[in-house]
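Participant:
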Amino acid sequence: MNPEEPYKRLCRAMERRGGRYPGMDIPEFYSLAEALFTPEEAEVCAAMPERPAPALLIAEVLGRDPEDVEGILEAMADKGLCSARIKEGRREYVPVPFVPGIFEFQFMRGTTTERDRRIARLIHAYKEAVDRKAGPPKITFPTERVIPIEKSLDSEGQVHTYDQVSYYIDHYKPIAVSTCFCRHEERLLDEEGHCGKPDNVCMQFGVAAHFVIDRKIGREVSKDEAREILRRSEEAGLVHTSRNIQEGIDFICNCCPCHCMILRTALLQPKPGLALSSGFSPVLDPDRCVGCDTCVERCPAQALSLGDWTPRVDLERCFGCGVCASGCPSEAIEMKARPDAPEPPKDRKALREALKSLSS
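Numbering (this note's numbering), first residue to last: 7 to 366.
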């Protein structure tokens with residue numbers, strides 16, 4: 007077999023899996039793929055069905071011994087090159103795109119080995135090459151959303167369950183925490199380029215948490231520790247982001263605009279507040295506002311500017327994150343529901359249907 011062939015098949019498979027950085031037939035892909043995957047792993051990864059499958063089924067596709075294939079899949083899961091889960095008593099392996107998926111898994115442990123630094127350089131080079139070739143992504147329907155800081159919400163307004171970050175803490179089990187892969191990638195590339203925001207604050211829930219705990223990519227936390235992580239994130243001005251669905255979320259990232267891919271991708275759009283939103287916007291009480299400019303400085307979307315006295319809000323930029331309100335020393339800001347904001351799709355299936363309807 008031509009030693010290059012598994013990586014070519016892998017490139018085509020990663021192209022089908024899509025995501026922010028899909029497979030692309032360029033030199034940077036092969037440099038990265040060869041560093042991440044052995045030829046056998048590339049062959050197995052390329053053969054994985056698009057839905058979760060046991061090793062036996064993947065072995066049948068390849069015409070190989072099931073025990074050999076399972077060993078390769080286990081090694082891949084340990085390296086964060088695929089995901090794995092237990093369903094109805096059997097282990098299934100899940101193909102994942104580069105983003106969200108493989109790129110995150112490489113850095114969520116927070117390690118700083120020479121290999122980590124090399125992988126960071128290769129991932130960075132690949133992302134830059136894809137961006138040069140494909141141009142900035144255009145968000146026609148948001149795949150992620152912001153969950154507002156709960157204490158910033160209008161106490162008299164109606165707040166849906168899916169807008170309350172405490173709901174996910176209270177109702178999901180287990181909960182895991184891992185290193186923010188965006189900020190850690192920057193630290194691996196350039197220690198001086200890190201923004202100084204907290205790193206160990208990105209959270210996984212349910213099946214996703216089981217995977218990162220089992221593979222030691224993250225660690226399990228109690229509900230009290232999860233609440234403390236969210237408190238630290240809010241104090242630091244980070245934005246709670248997750249999948250744009252009401253039910254079945256598997257992560258909450260706590261993002262900064264300087265490094266985090268979700269925010270940076272939204273900020274590339276002509277109207278960032280339409281590409282990534284909580285459905286809320288800040289309302290200021292002029293009697294309480296002292297014109298201190300704190301909210302303007304904290305706003306991750308640069309949606310606030312100081313007017314004659316009180317700040318003005320550019321709703322086309324505003325994420326509705328509540329960072330302005332939570333940091334206001336005079337408590338002059340509340341987050342109120344935007345009447346024109348659409349509800350998030352109910353679940354992953356509804357999100358896929360919404361995306362499909364726009365592409366057809």
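All C-beta atoms in this analysis are idealised placements derived from N, C-alpha and C, irrespective of residue type, glycine included.
Below 8 Å, how does it come out for the region 53–71 and the region 85–97: are there three or more Cβ pairs, yes or no?
Facilitator: Because the criterion of three Cβ pairs below 8 Å is met, the region 53–71 and the region 85–97 touch.
Participant: Rank Glu-191, Val-329, Pro-317 and Val-207 by C-alpha distance to the C-alpha of Pro-292 and give the top, closest one.
Facilitator: For Pro-292, the nearest C-alpha among the options comes from Pro-317.
Participant: Hey, how far is the Cα of Ala-232 from the Cα of Glu-10?
Facilitator: Going by the C-alpha atoms only, they are around 45 Å apart.
Participant: So does the region 137–154 actually touch the region 216–229, counting three or more Cβ pairs closer than 8 Å?
Facilitator: The answer is no - the region 216–229 does not touch the region 137–154, with fewer than three Cβ pairs under 8 Å.
Participant: With DSSP as the reference, please indicate the residues paired to Ser-248 in a beta bridge.
Facilitator: Looking at the DSSP assignment, Ser-248 forms a beta bridge with Arg-151.
Participant: With the cut-off set at 7 Å, would you say Val-152 and Gly-326 are in Cβ contact?
Facilitator: Against a cut-off of 7 Å, the Cβ pair of Gly-326 and Val-152 comes out as a contact.
Participant: Quick check on the DSSP output: the alpha helix (DSSP H) that includes Met-114 runs from which residue to which?
Facilitator: Run containing Met-114: none; DSSP gives neither H nor E here.
Participant: Could you tell me if Ser-363 is buried or exposed, where buried requires 16 or more neighbouring beta carbons within 10 angstroms of its beta carbon?
Facilitator: So Ser-363 ends up on the exposed side.
Participant: Rounded C-beta distance between Phe-113 and Glu-191? I'm assuming under 8 Å.
Facilitator: Yes, Phe-113 and Glu-191 are in contact; Cβ-Cβ is about 5 Å, under 8 Å.
Participant: Have a look at the DSSP bridge pairing and note the partners of Phe-257.
Facilitator: For Phe-257, which the question treats as bridged, DSSP gives the partners Gln-210.
Participant: Buried or exposed, going by whether 16 or more other CB atoms sit within 10 Å of the CB of Thr-271?
Facilitator: By the 10 Å Cβ count, Thr-271 comes out buried.
Participant: Quick one: is Gly-141 buried, meaning 16 or more other Cβ sit within 10 Å of its Cβ, or exposed?
Facilitator: The residue in question, Gly-141, is exposed, as its Cβ has fewer than 16 Cβ neighbours within 10 Å.
Participant: Residues in the same chain with beta-carbon distance under 8 Å from Ala-81, minus the five sequence neighbours each way, listed in chain order, please.
Facilitator: Within the same chain, Ala-81 has close Cβ partners Glu-47.
Participant: Could you tell me the distance, in whole angstroms, from the CA atom of Val-289 to the CA atom of Tyr-13?
Facilitator: For Val-289 and Tyr-13, the distance between alpha carbons rounds to 53 Å.
Participant: In terms of DSSP beta bridges, what is Ala-6 paired with?
Facilitator: With the chain represented from 7 up to 366, any question about residue 6 goes unanswered, as that position is not in the structure.
Participant: In three-state DSSP terms, what is Pro-58?
Facilitator: Pro-58 falls in the coil class under three-state DSSP.
Participant: Identify which residue in Lys-93, Pro-45, Glu-40 and Phe-35 has its Cα closest to the Cα of Pro-60.
Facilitator: The shortest Cα separation from Pro-60 among Lys-93, Pro-45, Glu-40 and Phe-35 belongs to Lys-93.
Participant: Out of Leu-62, Ala-343, Leu-195 and Ile-78, which has the shortest C-alpha to C-alpha gap to Leu-128?
Facilitator: For the residues Leu-62, Ala-343, Leu-195 and Ile-78, the minimum Cα distance to Leu-128 belongs to Leu-195.
Participant: So, does the region 114–133 touch the region 248–258, judging by three or more C-beta pairs under 8 Å?
Facilitator: Taking 8 Å as the limit for Cβ pairs, the verdict is that the region 248–258 does not touch the region 114–133.
Participant: Taking contact to mean 3 or more Cβ pairs, one atom from each stretch, closer than 8 Å, check whether the region 304–321 and the region 177–185 are in contact.
Facilitator: Not touching, per the Cβ criterion.
Participant: Kindly indicate which residue of Cys-295, Ser-284, Pro-101 and Gly-212 has the alpha-carbon position closest to the one of Val-50.
Facilitator: Closest option to Val-50, Cα to Cα, is Pro-101.
Participant: Quick check on Glu-4: buried or exposed, where buried means 16 or more other Cβ atoms within 10 Å of its Cβ?
Facilitator: Outside the shown range of the chain, which is 7 to 366, sits residue 4, and nothing can be said about it.
Participant: Is the beta carbon of Ser-161 sitting closer than 7 Å to the one on Met-341?
Facilitator: No, the Cβ-Cβ distance between Ser-161 and Met-341 is not below 7 Å.
Participant: Since Met-30 is in the alpha helix (DSSP H), which residue starts that stretch and which ends it?
Facilitator: Careful: Met-30 lies outside any alpha helix (DSSP H) and carries neither H nor E.
Participant: Give every residue of the same chain whose Cβ lies closer than 7 Å to the Cβ of Thr-118, excluding the five residues on either side of it in the sequence, and list them in chain order.
Facilitator: These residues qualify, in order along the chain: Leu-194.
Participant: Leaving out the 5 sequence neighbours to the left and right, which residues in its chain are closer than 7 Å to Arg-97 when beta-carbon positions are compared?
Facilitator: Correct list, in chain order: Pro-60 and Ala-90.
Participant: In whole angstroms, give me the CA-to-CA distance for Leu-269 and Ile-258.
Facilitator: Cα-Cα distance, rounded: 13 Å.
Participant: When we look at the beta-carbon of Gln-210 and count the other beta-carbons within 10 Å, is it buried (16 or more) or exposed?
Facilitator: Gln-210 is buried by the Cβ-count criterion.
Participant: Could you tell me which of Pro-335, Gly-212, Ser-287 and His-265 sits nearest to Asp-299, measuring between CA atoms?
Facilitator: Comparing Cα positions, the closest option is Pro-335.
Participant: Measure the C-alpha to C-alpha separation of Arg-115 and Cys-188 and round it to an integer number of angstroms.
Facilitator: Answer to the nearest angstrom: the Cα atoms are 12 Å apart.
Participant: Give the range of the alpha helix (DSSP H) segment to which Tyr-168 is assigned.
Facilitator: Premise fails: Tyr-168 is in no alpha helix (DSSP H) and is neither H nor E.
Participant: Give me the residue from Cys-305, Glu-337 and Ala-331 with the minimum Cα distance to Arg-323.
Facilitator: The shortest C-alpha separation from Arg-323 is found at Cys-305.
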